[in-house]
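What follows is a short report on a single structure.
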Amino acid sequence: MTVAPDRPLLPTESVTATLTLDEALDDVTDARIEIGYLNTFKYEWARNSTTDLVGPTSAGGRSDATEWVGAGDSPIVFAGGTLAAGTHTATVRLPSWSPGTSDPAVAWQARLRVERKGRTPEAEASFTVVVPAPDPLPTESRLVQGERAMANSIHFDIVTDSLAYRAGDVVRGTISVTPTEPVSKSATADVRFYRPQVSHPLEKPPSPVIEWFSRPHVTVAKDLMLAQGVTTEIPFELTLPADASPTVEAVHNSIQWWVMATITYAGLTGAIERARREIFVHNA
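Just add 228 to the spot in the sequence shown (first one is 1) and you have this note's numbering.
As structure tokens, this is what we get:
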């Protein structure tokens, strides 16, 4: 099987699959080309020693799973229960909600689906879906701070020059920090990208978030002397990887992108405080 066009596809574009059969298939009741994606995600398993059932109450582990998510199909013409030898084509339109190809979460394929008595042949072909910039562009996004109870003495704001970026773009912005308690030590400000993979399987227990941080982090200010109640603004620049996977919202998991800011106070016992602003990453 082959697919056309031979290039990355956008949501709502059509993909045409061409199938060549060396021999005719008889006893066919249905034949079609289906498109969809393999959604690979992580889930948490745990064996309950009391009931010997799977549950979250005892030590277990994290496992990978892959599920097929159908996104559309088109019939292949056959007659009298026979799918003839030769070449067959079918065209299927990608839905507007199609998530972008993303290693390892989303891998798009076209597949042959045949219902018949006897052995069912298999055929498939892979293709790539890319993600365009959102339309309209977002005007607000989530800001997360205060996640650490023992390091929560700064009020943050993170403002970026946009909320949607193409892979390889430079993200520019400003970090605003306002201590809510007296400060006696100097501080260092760093920024980096944070890309969590969030598991939300339909039928399995979700795993903890799989975290990825860009390295090295970028230090944007040193020897900061912050003061309680006084806001300090710090400009920054970060460059997205040219091959960055896009923001993904798949059935069983999601891949997000954030700008993370960190304030580290001097000394071995210096606290580390952080906040993050979500951005949307596209690759078309």
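Built from N, CA and C at the ideal position, the CB exists for glycine as well. Quick caveat, the model's predicted, so the values are computed rather than measured.
Rounded straight-line distance, which links the Cα of R347 to that of F355: 26 Å
6 Å Cβ shell around S242 - same chain, five flanking residues per side excluded: T319 and R321
Assigned secondary structure, E343 (DSSP; H/G/I helix, E/B strand, else coil): strand
Opposing strand residues paired with A499 [DSSP bridges]: Partner(s): none; A499 has no beta bridge.
The segment 307-316 touching the segment 448-467, judged by at least three CB pairs closer than 8 Å: no
Inter-stretch contact (C-beta, 8 Å, three-pair minimum) for the segment 234-252 and the segment 356-371: yes
Inter-stretch contact (C-beta, 8 Å, three-pair minimum) for the segment 384-401 and the segment 491-507: yes
Complete runs of the beta strand (DSSP E) confined to the segment 289-369 [at least 3 residues]: 314-321, 334-344 and 352-355
Delimiting residues of the beta strand (DSSP E) encompassing I386: I382 to T388
Buried or exposed by the 16-neighbour rule on C-beta atoms within 10 Å, applied to T475: buried
Those residues which DSSP pairs with P434 across a bridge: Y271
Sequence-distant residues of its chain with Cβ nearer than 7 Å to Y271 (five each side left out): S291, A293, S427, P429, K432, P433, P434 and S435
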